[in-house]
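Below is one structure, written out as structure tokens, with a few remarks after it.
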Amino acid sequence: MKELSLNVLDIAQNSVVAGASLITIEVIEDASKDLLTITVADNGKGMSEEQVKSVIDPFYTTRTTRKVGLGVPLFKMAAEMAGGSLDIKSKPGEGTALTATFTLSHVDRMPIGDMEGTVSALIHMNPDLDFVYSRSVNERSFSLDTREIRQILDGVPLNDSDVNLWINEYLSEGLNEIL
Amino acid sequence: MKSLEELKAIRDKARANVNVRGDNSDDIRIVVGMATCGIAAGARPVLNAFTEEIARRGLENVVVTQTGCIGVCQFEPVVEVYVPGKEKVTYVKMTPDKVPSIVTEHIVNGRVVEENTIGAYTK
């Protein structure tokens with residue numbers, strides 16, 4: 134992975150497979166603490182303690198197509214490379230939350246990259262799921278909640294082309310506001 | 018800032034289109050491989066380029082969607098195009114700059130862009 138937003142996309146895909154109906158993505162840059170925190174949380178089927186221990190093993194996967202599962206190990210490696218760590222909290226039937234921390238100024242920290250592109254792609258690919266995205270840079274923040282958008286759209290799908298363009302522009306404007 | 022009023026206008030326009038179009042069983046499907054291999058190779062900007070190009074051209078009968086690992090990781094990003102009544106076409110080593118020509122040639126005009134297909138790479 135060349136940027137953390139791609140790790141987030143990959144991790145969120147696990148939430149989709151886990152049957153989540155709501156996926157929350159939170160990105161917090163705090164220069165005063167020299168800390169970047171990225172959380173991906175879902176209300177999917179969750180994992181047992183044994184499974185949580187296994188998912189950081191690149192040779193563990195629940196898939197049957199191949200015998201490697203690289204998403205979580207790559208995210209963990211990216212965090213640890215930058216003086217941080219990856220924490221996984223999960224409970225069967227309730228969901229999973231992955232929180233990765235990074236030293237913001239660490240020379241080996243991967244760039245955040247196009248996080249808004251990741252959110253846009255996730256919404257477009259999974260129009261029946263809801264996403265809450267929030268991003269903050271020091272004191273400034275913005276967020277997007279597809280449940281609010283869905284309410285206004287009143288039956289028009291989230292992957293409608295014009296809706297997609299609106300979401301892209303909303304995300305882009307939101308990011309510009311806080312940078 | 019984008020307004021909710023704009024979203025309401027989009028809703029009304031979309032509803033009008035659905036009424037005109039009826040069912041969507043004859044939609045063309047563009048399927049992007051979005052497993053770890055695809056994402057690492059650059060599938061996300063390819064998917065976003067397709068959705069933007071489809072929206073920009075106002076194509077109503079095209080759906081852009083995802084799948085998992087297609088099984089040819091060395092050729093990622095991989096995109097499959099399903100046109101009803103025709104054989105599936107697999108595009109490989111996709112980049113966003115290849116998207117407009119595939120939409121114009123294949124999706125709109127029905128001519129497969131041979132040089133980007135898996136057949137061209139495996140010869």
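For the protein sequence lines, the chains are A and B, in the order given. Taking the numbering used here, I'd label the letters of the first sequence as residues 134 to 312. Taking the numbering used here, I'd label the letters of the second sequence as residues 18 to 140. Using N, Cα and C, we set each Cβ at its ideal position, and we do this for glycine too.
For I124 of chain B and chain A, any beta-carbon pair shorter than 8 angstroms?
no
Specify the secondary structure class of I27 of chain B as computed by DSSP and reduced to three states.
helix
Kindly say whether E306 of chain A, judged by its beta-carbon, lies nearer than 8 angstroms to any beta-carbon of chain B.
yes
Please identify the residue among A:G226, A:K222, A:T234 whose C-alpha is closest to the C-alpha of A215 of chain A.
A:T234
Kindly indicate the opening and closing residues of the beta strand (DSSP E) around K222 of chain A.
218-224
Residues of its chain near T251 of chain A, where Cβ-Cβ distance is below 6 angstroms and the 5 sequence neighbours each way are ignored:
S138, V141, L142
For T107 of chain B, I'd like the list of residues in its chain whose CB is within less than 7 angstroms of its CB, leaving aside the five on either flank, ordered along the chain.
Contacts found: V95, E97, T134, I135.
For R32 of chain B, the three-state DSSP class (helix, strand or coil):
R32 of chain B: helix per DSSP, three-state reduction.
Just grab the DSSP bridge partners of S274 of chain A for me.
A:S269
Cβ-based burial, G204 of chain A [other Cβ within 10 Å; buried from 16]:
buried
Residues in its own chain within less than 7 angstroms of I189 of chain A by CB, not counting five upstream and five downstream?
V205, P206, K209.
Proximity to A66 of chain B [Cα-Cα], best of B:C54, B:T139, B:M18, B:I119
B:I119
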